[in-house]
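Engineer:
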Amino acid sequence: MLNAKLFSALAGIILLIALLGRMHVLPHMNLWLQVWNFSLGPLYWQLFGALVCAIFAVAYFGVARLTRRAPNQMIGLVVFFLVAVPFAVWLISGFLTTTGSPPNRRLAMVLFAAIFSLLSGLVLSVVNLTWVLLRSNKPPNSR
């Protein structure tokens, strides 16, 4: 249950930052994700982050309620770390990148490392939840 609470809180924080940025309360973020002719602004990747965290929260809550076994909490905390750090890196990078700054190679490498961390967290979360669902069909005392 702790993992579901952490992910729902992170989803709320990211959504709040996205809305405050949209209403121009926060400084303008100049971090666009552009691949060929497809471009995503800060609002869209922030909404994507809030959606990912909300899905994780619902998944952990649902698995904890549907099965007699809870997901491994330590793996859940590692997954939370692997998901929260990339969004923090993207938010901080978005506020620190200015309009006239030239493309920075180190920043691009850090952002791609953050994406890899997010994907690793996604895979580890799916493995954790799948393991609990597969083990829930067996009686608790059998091996």
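For the sequence shown, position 108 (counting from the first letter as 1) is numbered 108 according to our numbering, and the numbering increases by one without interruption. Every residue, glycine too, gets a C-beta built ideally from N, C-alpha and C. Values in this document were obtained by computation on a predicted structure and should not be read as measured data.
1. Quick one, are the C-beta atoms of Val132 and Pro71 less than 8 Å apart?
2. If we ignore side chains and look at the alpha-carbon of each, how far apart do Phe81 and Ile13 end up?
3. Identify which residue in Tyr44, Leu66, Val52 has its Cα closest to the Cα of Met1.
4. If you draw a straight line from the alpha carbon of Leu134 to that of Arg106, how long is it in whole angstroms?
5. Between Trp90 and Trp36, is the Cβ-Cβ spacing less than 8 Å?
6. Where does the unbroken beta strand (DSSP E) through Leu40 begin, and where does it stop?
7. Does the distance from the C-beta atom of Phe56 to that of Ser136 stay below 8 Å?
8. If you measure from the beta carbon of Ala57 to each beta carbon in chain C, is any gap under 8 Å?
9. Let me confirm a value: Pro86 is counted as buried when at least 16 other C-beta atoms fall within 10 Å, else exposed. Which label applies?
10. In whole angstroms, what is the alpha-carbon distance linking Gly121 and Met23?
11. Please say whether Leu119 and Cys53 have beta carbons closer to each other than 8 Å?
12. Please list, in chain order, all residues of the same chain as Ile75 whose beta carbon is under 6 Å from its beta carbon, the five residues on each side excluded.
13. Would you grab the beta carbon distance between Ser93 and Leu77 for me? Rounded to a whole angstrom, and I think it's under 8 Å.
14. Just verifying my parser: in three-state terms, what is the DSSP assignment at Asn72?
Structural biologist: So, from the data block:
1. Stepping through the sequence shown from its first residue, residue 132 is reached at position 132. Stepping through the sequence shown from its first residue, residue 71 is reached at position 71. Their beta carbons are under 8 Å apart, which means Val132 touches Pro71 by this criterion.
2. Translated into positions along the sequence shown, residue 81 becomes position 81. Translated into positions along the sequence shown, residue 13 becomes position 13. Cα-Cα distance, rounded: 15 Å.
3. Working through the sequence shown from its first residue, we reach residue 1 at position 1. The residue with the shortest Cα to Cα distance from Met1 is Leu66.
4. Mapped onto the sequence shown, residue 134 falls at position 134. Mapped onto the sequence shown, residue 106 falls at position 106. C-alpha separation (whole angstroms): 42 Å.
5. Locating residue 90 in the sequence shown gives position 90, counting from the first residue. Locating residue 36 in the sequence shown gives position 36, counting from the first residue. Taking 8 Å as the Cβ cut-off, Trp90 and Trp36 do not qualify as a contacting pair.
6. Looking up residue 40 in the sequence shown gives position 40. Leu40 -> beta strand (DSSP E) spans 38-40.
7. Translated into the one-based positions of the sequence shown, residue 56 becomes position 56. Translated into the one-based positions of the sequence shown, residue 136 becomes position 136. No; because the gap between Cβ atoms is not below 8 Å, this pair is not in contact.
8. The structure shown has no chain C; it contains just one protein chain.
9. Here residue 86 refers to the residue found at position 86 when the sequence shown is read from its first residue. The residue in question, Pro86, is buried, as its Cβ has 16 or more Cβ neighbours within 10 Å.
10. Position 121 of the sequence shown, counted from the first residue, corresponds to residue 121. Position 23 of the sequence shown, counted from the first residue, corresponds to residue 23. Distance between the alpha carbons of Gly121 and Met23: 31 Å.
11. On the sequence shown, residue 53 is found 53 positions in, with the first residue counted as 1. On the sequence shown, residue 119 is found 119 positions in, with the first residue counted as 1. Contact flag unset, no.
12. Taking the sequence shown and counting its residues from 1, one reaches residue 75 at position 75. Correct list, in chain order: Asn128.
13. By 1-based counting over the sequence shown, the position of residue 93 is 93. By 1-based counting over the sequence shown, the position of residue 77 is 77. About 24 Å separates the two Cβ atoms, so there is no contact after all.
14. Counted from its first residue, the sequence shown places residue 72 at position 72. Reduced to three states, the DSSP call for Asn72 is coil.
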